[in-house]
Amino acid sequence: MRNLLEAGRLLLLDMAATLFFLMLFLLTHNVALSVVLGMALGAAQIGWQLARRKPIDTMQWMSLFLVLGAGTVTLITNDPRFVMIKPSVIYLIVGVVMLKRGWMNRYLPPIALELVPDIAVILGYAWSGLMFFSAALNLVVALNFSVVTWSATMSIYGIASKAVMFLIGYAVMRTIGAARNRRRSTSVAASASPPSVIADDLVKAGSAS
């Protein structure tokens with residue numbers, strides 16, 4: 001699960017420029033300043049990675065291009081909705097990636113891969129559905145409400161929805177995994193018992209009844 005949290009952290013970093021734009025806009029109400037600094041942050045993230053000679057993930061490049069593209073259009077039109085729509089594009093792309101069967105397996109510890117790989121597949125599709133729903137919700141709110149309303153709604157929803165999904169997924173896999181592990185342990189213990197011991201247990205059970 002630590003690796004899954006790391007994946008969530010990377011997704012948050014990909015959204016950092018948009019969140020930074022939002023914070024500046026709410027503080028200054030200056031679209032141009034907020035957009036320019038948001039674009040600068042997006043470029044600085046990539047520059048920092050390059051300076052440290054770390055590989056740049058496809059998602060990070062895509063996020064940078066979206067930041068620069070949406071920011072440029074916003075500067076031309078003076079309409080912040082272009083930046084507000086950017087998260088929907090991110091959500092859609094992430095949702096498509098999450099449609100790959102078993103994508104969650106790479107984030108699971110060995111014991112989970114052994115006990116609940118099928119549950120991880122189902123939860124992977126559930127995460128994809130959440131991404132698609134989030135994309136649609138963000139688009140609706142961005143196009144129909146103010147920046148303040150959009151920021152409050154999507155900030156609260158973004159954190160709460162992913163936290164709830166993560167906790168549900170963790171609880172489901174842990175519960176089912178524990179049950180399967182107990183059944184497996186019981187089966188192994190029974191098969192490992194000498195025939196005489198099993199016979200004695202049956203005799204005792206019969207006497208007790």
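Per the numbering used here: the sequence shown = residues 1 to 209. Where a beta carbon is used, it is the ideal one built from N, C-alpha and C, also for glycine.
Discussion item. For the pair the stretch 24-43 and the stretch 101-109, tell me if three or more CB-CB distances fall below 8 Å.
Written reply: Remark: fewer than three beta-carbon pairs, one from each stretch, lie closer than 8 Å, so the stretch 24-43 and the stretch 101-109 are not flagged as touching.
Discussion item. Which of the three DSSP states is assigned to R180 in this structure?
Written reply: Indexing the sequence shown from 1 puts residue 180 at position 180. In the three-state reduction of the DSSP assignment, R180 falls in the helix class.
Worksheet item: CB-CB under 6 Å to R52, same chain, minus the five flanking residues each way: which ones, in chain order?
Response: The count along the sequence shown starts at 1 and reaches residue 52 at position 52. Cβ within range, chain order: n/a, list empty.
Item to complete: Tell me whether P55 is buried or exposed, calling it buried when 16 or more other Cβ atoms sit within 10 Å of its Cβ.
Response: Here residue 55 refers to the residue found at position 55 when the sequence shown is read from its first residue. Here P55 is exposed: its Cβ has fewer than 16 other Cβ atoms, across all protein chains shown, within 10 Å.
Worksheet item: Whose CA, out of R182, R174, A163, M154, lies closest to the CA of A120?
Response: Walking along the sequence shown from the start, residue 120 turns up at place 120. Closest option to A120, Cα to Cα, is R174.
Worksheet item: For I176, which of W127, G158, I156, E114 has the nearest alpha-carbon?
Response: Locating residue 176 in the sequence shown gives position 176, counting from the first residue. Ranking the options by Cα distance to I176, first place goes to E114.
Discussion item. So, with DSSP's three-state summary, where would you put N78?
Written reply: Sequence index remark: in the sequence shown, residue 78 carries index 78 (1-based). DSSP places N78 in the coil class of the three-state scheme, outside both helix and strand.
Worksheet item: Under a three-way DSSP split, which group does F145 fall into?
Response: To locate residue 145, count along the sequence shown from 1; it is residue 145. F145: coil per DSSP, three-state reduction.
Item to complete: Give the range of the alpha helix (DSSP H) segment to which P55 is assigned.
Response: Position 55 of the sequence shown, counted from the start, is the residue given in the question as residue 55. Segment: none, P55 is in no alpha helix (DSSP H) and carries neither H nor E.
Worksheet item: From what residue to what residue does the alpha helix (DSSP H) around G102 run?
Response: Mapped onto the sequence shown, residue 102 falls at position 102. Annotation for G102: no alpha helix (DSSP H) segment contains it, and DSSP assigns it neither H nor E.
Worksheet entry | Cβ neighbours of Y91 in the same chain (closer than 8 Å, five flanking residues each side left out) | By one-based count along the sequence shown, residue 91 stands at place 91. Excluding positions up to five away in sequence, the list reads M131, F132, S134, A135, N138.
Discussion item. Mapping the DSSP letters down to three states, classify L108 as helix, strand or coil.
Written reply: Residue 108 sits at position 108 when you count from the first residue of the sequence shown. Correct three-state label for L108: coil.
Discussion item. Quick check: what's the CA-CA separation for F166 versus A152?
Written reply: The residue labelled residue 166 in the question sits at position 166 within the sequence shown. The residue labelled residue 152 in the question sits at position 152 within the sequence shown. CA-to-CA, the gap between F166 and A152 works out to about 21 Å.
Discussion item. Here's the rule: buried if 16 or more other CB atoms are within 10 angstroms of the residue's CB, otherwise exposed. What is A142?
Written reply: Within the sequence shown, residue 142 is the residue found at index 142, counting from 1. When all chains shown are included, A142 counts as buried.
Worksheet item: Is the distance from the Cβ of M84 to the Cβ of W150 below 8 Å?
Response: Within the sequence shown, residue 84 is the residue found at index 84, counting from 1. Within the sequence shown, residue 150 is the residue found at index 150, counting from 1. Contact flag set, yes.
Worksheet item: CA-CA distance, Y125 and V97?
Response: The count along the sequence shown starts at 1 and reaches residue 125 at position 125. The count along the sequence shown starts at 1 and reaches residue 97 at position 97. Roughly 10 Å between the two C-alpha positions.
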